[in-house]
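Numbering (full-length UniProt numbering), first residue to last: 1 to 159.
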């Protein structure tokens, strides 16, 4: 990525789109034109998580550098799970992970004063119309057994 920090978009961490397909098509799930895929580089730091959100499409995460990330997932059936994205396979980390469509998820770096650099690929390509953020109140009502993780990784309100 040949970019300065001023070219990065802040959303929890910082990201920059690095690639997308040359063509678009009509994605039935989105009811609109989408790239076949989009890719970003995403930099998270301790204390700056990616807040709970949901996509209409699968998202693939690939670990590159820094401290491992914890990805917190709430499946459509309400089942909660976590995965450690990193390179220490002996510690149970995985270098890549697929977040299934319609999963509510958040990610964080839990090592103090650290960062994690990942790539994310969405297919069909990312579009804000296919993206939904959640507030603490919304998630507490639906998932009352997850108060700690919701308080830490959901937004108070959405501007």
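Glycine residues also receive a C-beta, built at the ideal position from the N, C-alpha and C atoms.
Note that the coordinates shown come from a computational prediction; the quantities given were computed from them, not determined experimentally.
C-alpha distance - residue i paired with residue j, whole-angstrom precision
i           : j           : result
residue 2   : residue 144 : With a pLDDT of only 43 at residue 2, under the threshold of 50, the placement of this residue in the model should not be trusted; the figure read from the coordinates follows. Rounded to the nearest angstrom, the two C-alpha atoms are 44 Å apart.
residue 14  : residue 79  : 28 Å
residue 136 : residue 53  : 11 Å
residue 73  : residue 82  : 6 Å
residue 118 : residue 141 : 31 Å
residue 123 : residue 41  : 15 Å
residue 104 : residue 156 : 16 Å
residue 158 : residue 100 : 24 Å
residue 70  : residue 27  : 30 Å
residue 34  : residue 121 : 13 Å
residue 38  : residue 106 : 19 Å
Proximity of residue i and residue j at Cβ, strictly below 9 Å
i           : j           : result
residue 125 : residue 21  : yes
residue 60  : residue 115 : no
residue 55  : residue 108 : no
residue 130 : residue 17  : no
residue 63  : residue 87  : yes
residue 102 : residue 68  : no
residue 58  : residue 24  : no
residue 85  : residue 76  : no
Beta-bridge pairing of residue i - partner residues as DSSP gives them
i           : result
residue 155 : 135
Query - Ordered list of alpha helix (DSSP H) runs contained in the UniProt domain "DUF985" (11-134), each at least 4 residues - result: With a minimum length of 4 residues, there is no unbroken run of alpha helix (DSSP H) contained wholly in the UniProt domain "DUF985" (11-134).
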